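Numbering (my numbering), first residue to last: 2 to 252.
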């Protein structure tokens with residue numbers, strides 16, 4: 002389900018999501034134009050507030066995007082919606098039309114598991130074949146890609162983020178990577194003593210780095226000392242996201 006904190010409204014099957022046959026929300030994004038988009042099940046959905054509640058627009062194949070296997074969403078300052086999929090890779094919606102970015106743009110066709118934007122306005126996309134980096138510009142802008150050849154411990158990238166010092170962190174299925182000044186520093190099972198299959202990333206208000214892994218653990222890197230600690234949650238747990246509330250509590 003989706004939850005609107007403005008008036009505590011729960012948006013579920015009763016608001017038109019019954020067509021999915023099972024509601025699973027993968028990601029939510031809101032554009033600068035005020036549009037709310039959700040990756041629900043395997044389809045891209047737009048949710049609009051109306052006088053009587055909400056209107057749920059279910060995009061069909063003929064409406065675009067290039068495919069409907071929506072996995073992760075992001076936005077930019079121009080009001081574009083970025084969509085990473087488990088099918089064709091990456092696509093961008095201008096509000097009127099879709100543009101697909103494929104292998105020639107630095108992004109491999111296939112799985113795109115994360116979309117993020119750093120403090121310099123550069124976009125980072127976690128894919129099934131490394132990290133695609135996009136600098137906006139005329140036309141399709143500038144693209145580059147980091148893979149095993151450049152120093153990643155795995156080409157399967159699940160999440161990308163940036164810490165308070167400006168370093169970029171890349172979470173892969175074989176380790177967590179810090180990228181700074183063109184240098185990759187890998188933190189793998191050899192460093193931490195257990196498999197590091199990263200599934201979530203967060204930087205808290207104090208600048209500490211947190212990472213969720215698929216072995217039932219949550220990792221924390223202290224901003225001042227650089228030392229790692231971890232907490233074992235449950236062997237069957239998978240941390241899919243780390244959120245911080247107004248009081249600084251992580252959930």
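Beta carbons: idealized from backbone N, C-alpha and C, even for Gly. Source: prediction; values computed, not measured.
Within the same chain, 135 and 136 come within 8 Å of residue 143 by CB-CB distance, once the 5 residues on both sides are set aside. The C-alpha of residue 245 lies about 31 Å from the C-alpha of residue 145. Note: residue 172 is bridge-paired with 160 and 177 in the DSSP secondary-structure output. Sixteen is the threshold: when 16 or more other Cβ atoms of the shown chains lie within 10 Å of the Cβ of residue 73, as they do, the residue is buried.
If you draw a straight line from the Cα of residue 83 to the Cα of residue 188, it comes to about 29 Å.
In the three-state scheme derived from DSSP, where H, G and I count as helix and E and B as strand, residue 251 is classed as strand. In this structure, the beta-carbon distance from residue 147 to residue 132 falls below 8 Å.
Residue 201 has 213 as its beta-bridge partners, per DSSP. Assigned with DSSP and collapsed to three states, residue 192 falls in helix.
Residue 151 sits in a helix when the DSSP states are folded into three classes. Between residue 80 and residue 30, the CB-CB gap reaches or exceeds 8 Å. Under the three-state reduction of DSSP, residue 27 is assigned to strand. Note: residue 231 is bridge-paired with 220 in the DSSP secondary-structure output.
Just so you know, the alpha carbons of residue 248 and residue 201 end up roughly 21 Å apart.
Sixteen is the threshold: when 16 or more other Cβ atoms of the shown chains lie within 10 Å of the Cβ of residue 154, as they do, the residue is buried. With 16 or more neighbouring CB atoms inside 10 Å of its own CB, residue 159 falls in the buried class. Collapsing the DSSP output to three states places residue 74 in a strand. Taking all protein chains shown into account, residue 76 has 16 or more neighbouring C-beta atoms within 10 Å of its C-beta and is therefore buried. Cβ atoms of residue 170 and residue 157 stay farther apart than 8 Å, at about 16 Å. The C-beta separation of residue 235 from residue 217 comes to about 5 Å, placing the pair in contact by the 8 Å criterion. The Cβ-Cβ distance between residue 113 and residue 86 falls below 8 Å.
For residue 131, the three-state secondary structure derived from DSSP is strand.
Taking a contact as a CB-CB distance under 8 Å, the pair residue 176 and residue 212 does not count as one, their CB atoms being some 10 Å apart.
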